[in-house]
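Peer 1: Sequences listed follow chains A and B, in order.
For the first sequence, this note's numbering assigns the number 1 to the initial residue and increments by one for each residue that follows.
For the second sequence, this note's numbering assigns the number 330 to the initial residue and increments by one for each residue that follows.
Number of protein chains: 2
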Amino acid sequence: MTELYDVAAIGNAIVDVISPSSEDFLAEEGLVKGSMALIDDAQAVSLYGRMTAGIEASGGSAANTVAGVASLGGRAAYLGKVADDQLGQVFVHDINAIGVKFDVAPLAGGPATARCLINVTPDGQRTMSTYLGASIHLTPEDIDAAVIESAKIIYLEGYLFDPSDARRAFAKAAGIARASERLIALTLSDSFVVHRHREALLGFIDSEVDILLANEAELTALFETSSFDTAVRSLRGRAKLAAVTRGERGSTVIAGDQIHDIAAVPVEKVVDTTGAGDQYAAGFLFGLAKGRPLDMCGRLGSIAAAEVISHYGPRPQVSLQDLALKAGL
Amino acid sequence: MTELYDVAAIGNAIVDVISPSSEDFLAEEGLVKGSMALIDDAQAVSLYGRMTAGIEASGGSAANTVAGVASLGGRAAYLGKVADDQLGQVFVHDINAIGVKFDVAPLAGGPATARCLINVTPDGQRTMSTYLGASIHLTPEDIDAAVIESAKIIYLEGYLFDPSDARRAFAKAAGIARASERLIALTLSDSFVVHRHREALLGFIDSEVDILLANEAELTALFETSSFDTAVRSLRGRAKLAAVTRGERGSTVIAGDQIHDIAAVPVEKVVDTTGAGDQYAAGFLFGLAKGRPLDMCGRLGSIAAAEVISHYGPRPQVSLQDLALKAGL
């Protein structure tokens, strides 16, 4: 089948609600800084009521990544579930507007579009509380085999291990990708997700995953170690290719015995780290799909991540393609 | 009656949808750069469908201003109408979260919460297309006399001259304010509004307005002249106090024979001018309510405006009180 897409992603379709927050507020609310916790509708209403004024922006980890791929000039598709409501319309508009193919039917008569309540502390760190709403109603029937078969890379969120229907959708997509010899990429998403689903994730990595994306905390959680080097050694036997982000220390790309340390692109002020890992993944996967050398893939990731942490919101506000060209990539 | 509020504002309660745009896009869509045009629901859907991905943020000119007053440490109240829908909930959350008193009941079973589709060109200029939705259902019954009677300054949007119910609400509020000897401030809002309602606005200024806020284009439109100096001379006989913003040239405060030219506060990069005039008004009115000298009121306006044009969105993202303290005001 013709490769219509560089990357096709499957994830929880979420609209972000992003507000400045104090460290004290996190403590009062019992929120673990830098993590993602699942909350129900009542908790979402209650927490939102106490948060400061903010902005709303389309989010969802894998959706942010394909938005980044499109911003880099790549061809991308997305599979995820919103409700037929105002925030769902915003999500659909934004993903279509950036040129990502998305045509999963919205959920009617069920829960509202998923919302991620994001509290951003003065150091730019984001702490997420997610009401999954309609997003968990992504079912295997929503997985369009033609989209999976025509993408170079299928990108899956670890977050999808939480809801059971989504996990079946995830398994179906992986099966189709494997059958059509497509590359399968997985992001571990969050260290709490890793704790909840460690065995299942390891099994999936061993059997299905070509490309693993993670941050340092997620990788060390996966191998239950506090040492980054130990985690990297454990990884080598299991994943053909991995890219691990390390905040201001940049990222490490691991391909068997080859290791590339990639510097972070400095930014004047870190405003909001929401989407940093997602945009790194966008640059890295775009580079891979275009056949670039691994260190250049990592640099594309660094450039994309640097753009997104310099403003509120999880997706690029300027053309990443222009930024990459300016950087000579 | 006790003065509970520094400023109570009445305006169209609107959620902004803010997207980057090219100059070409404005031309293709027949949009007049820098202006505000009214559109209906079908036009809103159609235009939104062609806009790029963006962010959503609570807006509405006068609501932005009272949010700014609250951010400066002032006490503020707001009267406006949203629908009982997701964007309405966002509006209510945001205005309450910043500490502005707002308890007008949302509209049930009518049109959706008002949306302002804002296209921001690379120079930071914003061009607005507004679907008034539920906001025009603000009626005289929604005007709580106790709020008006307990505010030092009542702030009214020229935009309210468009919808007829809102204009009656506006007239009621002005009557109560006059009867209780409160100061009445008016913003001309937009040069197209001035063209549509010039005679009515002039009559209202002569009979009711203590403090006039405008930008240069609106003021020259009001007096049908191309000369700023001519407009200022015409103004002197009619408004006791006026503050006129002039973009990067700063502002001019006019009080009879006294004229203060106030410099703009320079910003590194103008990202989005949405809310610049609203935040200037916040600083100016806050200063007046606190009894500051006129030039200091203008400087407070300049500081607030500089903050808001340095990011996407019409309301401050940091504490204006902190910024004012840092500037020694």
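Note that the Cβ used here is the ideal one computed from N, Cα and C, for glycine as well.
Would you say A27(A) touches the ligand HEM, meaning its beta carbon is less than 8 Å from a heavy atom?
Peer 2: With respect to the ligand HEM, the structure shown offers nothing to examine, as it has no ligands at all.
Peer 1: Is the Cβ of A97(A) closer than 9 Å to any Cβ of chain B?
Peer 2: Working through the first sequence from its first residue, we reach residue 97(A) at position 97. Yes, its Cβ sits closer than 9 Å to a Cβ of chain B.
Peer 1: Looking only at C-alpha atoms, which of I309(A), C116(A), V209(A) and R299(A) sits nearest to E355(A)?
Peer 2: This structure cannot speak to residue 355(A), because chain A is shown only from 1 to 329.
Peer 1: Measure from the C-beta of L186(A) to each C-beta in chain B and report whether the shortest distance is under 9 Å.
Peer 2: Sequence index remark: in the first sequence, residue 186(A) carries index 186 (1-based). With 9 Å as the cut-off, L186(A) does not count as an interface residue toward chain B.
Peer 1: Expressed to the nearest angstrom, what Euclidean distance is found between the alpha-carbon atoms of L186(A) and F613(B)?
Peer 2: Position 186 of the first sequence holds residue 186(A). Position 284 of the second sequence holds residue 613(B). Cα to Cα, the separation comes out at about 53 Å.
Peer 1: What residues match up with L329(B) in a beta bridge as DSSP calls it?
Peer 2: An answer regarding residue 329(B) cannot be provided, because it is not within the stretch 330 to 658 covered by chain B.
Peer 1: Do you know how far the Cα of G417(B) is from the Cα of V90(A)?
Peer 2: Residue 90(A) sits at position 90 when you count from the first residue of the first sequence. Residue 417(B) sits at position 88 when you count from the first residue of the second sequence. Approximately 14 Å, taken between the alpha carbons.
Peer 1: Where do the N-terminal and C-terminal ends of the beta strand (DSSP E) with I259(A) fall, by residue?
Peer 2: Mapped onto the first sequence, residue 259(A) falls at position 259. Run containing I259(A): Q258 to I262, per the beta strand (DSSP E) assignment.
Peer 1: Interface residues of chain A around L416(B) at Cβ under 7 Å?
Peer 2: Position 87 of the second sequence, counting from 1, holds the residue named residue 416(B). By Cβ distance, chain A contributes Q86.
Peer 1: Could you name the residues of chain A that R644(B) contacts, counting a contact when the two beta carbons are closer than 7 Å?
Peer 2: In the second sequence, the residue the question calls residue 644(B) occupies position 315. Ordered by position in chain A, the residues that pass the 7 Å Cβ test against R644(B) are A53.
Peer 1: Can you pull the DSSP bridge partners for V582(B)?
Peer 2: Taking the first residue of the second sequence as position 1, residue 582(B) is located at position 253. BP columns for V582(B) point to A572(B) and H589(B).
Peer 1: What are the complete alpha helix (DSSP H) segments, minimum 4 residues, inside the stretch 12–60 of chain A?
Peer 2: Counting only runs of 4 or more, we get 23–29 and 41–50.
Peer 1: With A653(B) as the anchor, note down where its alpha helix (DSSP H) starts and where it stops.
Peer 2: The count along the second sequence starts at 1 and reaches residue 653(B) at position 324. A653(B) -> alpha helix (DSSP H) spans L649 to K655.
Peer 1: Counting pairs of beta carbons, one from the stretch 644–656 of chain B and one from the stretch 579–593 of chain B, are three or more of them closer than 8 Å?
Peer 2: They do not touch, by the three-pair rule.
Peer 1: Could you please tell me which residues of the stretch 32–57 of chain A, in chain order, have their CB closer than 8 Å to any CB of chain B?
Peer 2: Listed by position along the chain: Y48, G49, M51, T52, A53, G54, I55, E56 and A57.
Peer 1: Report yes or no: is there a C-beta of chain B within less than 9 Å of the C-beta of A114(A)?
Peer 2: For the purposes of this step, residue 114(A) is taken as residue 114 along the first sequence, with counting starting at 1. False, the Cβ-Cβ gap to chain B never drops below 9 Å.
Peer 1: With a cut-off of 9 Å, does the C-beta of H195(A) fall near any C-beta of chain B?
Peer 2: Within the first sequence, residue 195(A) is the residue found at index 195, counting from 1. With 9 Å as the cut-off, H195(A) does not count as an interface residue toward chain B.
Peer 1: Report yes if the C-beta distance between Y78(A) and A13(A) is below 9 Å; otherwise report no.
Peer 2: Translated into positions along the first sequence, residue 78(A) becomes position 78. Translated into positions along the first sequence, residue 13(A) becomes position 13. Result yes, Cβ atoms of Y78(A) and A13(A) sit closer than 9 Å.
Peer 1: Name, in chain order, the residues that DSSP records as bridge partners for I154(A).
Peer 2: Numbered from its first residue, the first sequence carries residue 154(A) at position 154. Answer is A8(A) and I184(A).
Peer 1: If the cut is a Cβ gap below 7 Å, which residues of chain A does V419(B) touch?
Peer 2: What you label residue 419(B) is simply residue 90 of the second sequence in a count that begins at 1. Ordered by position in chain A, the residues that pass the 7 Å Cβ test against V419(B) are E56.
Peer 1: Could you have a look at I477(B) and say whether DSSP puts it in helix, strand or coil?
Peer 2: Numbered from its first residue, the second sequence carries residue 477(B) at position 148. Helix at I477(B).
Peer 1: Buried or exposed: where does H195(A) fall if 16 or more other Cβ atoms within 10 Å of its Cβ makes it buried?
Peer 2: In the first sequence, counting from the first residue as 1, residue 195(A) sits at position 195. Per the 10 Å Cβ criterion, exposed.
Peer 1: Quick check on A67(A) - is its C-beta less than 9 Å from some C-beta in chain B?
Peer 2: What you label residue 67(A) is simply residue 67 of the first sequence in a count that begins at 1. Yes - at least one Cβ of chain B is within 9 Å of the one on A67(A).
Peer 1: So the alpha helix (DSSP H) A76(A) belongs to, where does it begin and stop?
Peer 2: Residue 76(A) sits at position 76 when you count from the first residue of the first sequence. Looking at the DSSP string, A76(A) is not in any alpha helix (DSSP H); the run it does join, the beta strand (DSSP E), is A76 to L79.
Peer 1: Once the 5 residues before and after P469(B) are set aside, which same chain residues still bring their CB inside 6 Å of it?
Peer 2: Working through the second sequence from its first residue, we reach residue 469(B) at position 140. Closer than 6 Å at Cβ, skipping near neighbours: R497, A498 and K501.
Peer 1: May I ask you to report which of helix, strand or coil DSSP gives K430(B)?
Peer 2: Your numbering for residue 430(B) matches position 101 in the second sequence. It is a strand residue.
Peer 1: So, at 7 Å on beta carbons, what are the nonlocal neighbours of H137(A) in its own chain, with the 5 sequence-adjacent residues on each side left out?
Peer 2: Position 137 of the first sequence holds residue 137(A). Only K81, L107, G110 and D165 meet the Cβ criterion.
Peer 1: I591(B) and R628(B) look like a contact to me (Cβ under 8 Å); what is the Cβ gap, rounded to whole Å?
Peer 2: Counting from one through the second sequence, the residue named residue 591(B) turns up at place 262. Counting from one through the second sequence, the residue named residue 628(B) turns up at place 299. I591(B) to R628(B), Cβ: 6 Å. Contact.
Peer 1: Would you kindly check if the distance between the Cβ of H422(B) and the Cβ of Y312(A) is under 9 Å?
Peer 2: Position 312 of the first sequence, counted from the start, is the residue given in the question as residue 312(A). Position 93 of the second sequence, counted from the start, is the residue given in the question as residue 422(B). No, these two residues do not count as a Cβ contact at 9 Å.
Peer 1: Are the Cβ atoms of G389(B) and C445(B) separated by less than 9 Å?
Peer 2: The sequence position of residue 389(B) within the second sequence is 60, counting from 1. The sequence position of residue 445(B) within the second sequence is 116, counting from 1. Cβ distance < 9 Å, so G389(B) and C445(B) count as in contact.
Peer 1: In whole angstroms, give me the CA-to-CA distance for L333(B) and S509(B).
Peer 2: Position 4 of the second sequence holds residue 333(B). Position 180 of the second sequence holds residue 509(B). When rounded, the distance between both Cα atoms is 14 Å.
Peer 1: For I424(B) and G532(B), what's the separation of their Cα atoms in angstroms?
Peer 2: Sequence index remark: in the second sequence, residue 424(B) carries index 95 (1-based). Sequence index remark: in the second sequence, residue 532(B) carries index 203 (1-based). If you take the alpha carbons of I424(B) and G532(B), they lie about 32 Å apart.
Peer 1: Between G124(A), F223(A) and D144(A), which lies nearest to F102(A) when the distance is taken from Cα to Cα?
Peer 2: Taking the first residue of the first sequence as 1, we reach residue 102(A) at position 102. Comparing Cα positions, the closest option is D144(A).
Peer 1: What does the alpha-carbon distance come out to for the pair L512(B) and D40(A)?
Peer 2: The sequence position of residue 512(B) within the second sequence is 183, counting from 1. The sequence position of residue 40(A) within the first sequence is 40, counting from 1. Spanning the two alpha carbons is a distance of roughly 47 Å.
Peer 1: Express the C-alpha separation of I534(B) and R567(B) in angstroms, rounding to a whole number.
Peer 2: Your numbering for residue 567(B) matches position 238 in the second sequence. Your numbering for residue 534(B) matches position 205 in the second sequence. The straight-line gap from Cα to Cα measures roughly 7 Å.
Peer 1: Secondary structure at V120(A), three-state DSSP: helix, strand or coil?
Peer 2: Taking the first residue of the first sequence as 1, we reach residue 120(A) at position 120. Strand, per DSSP.
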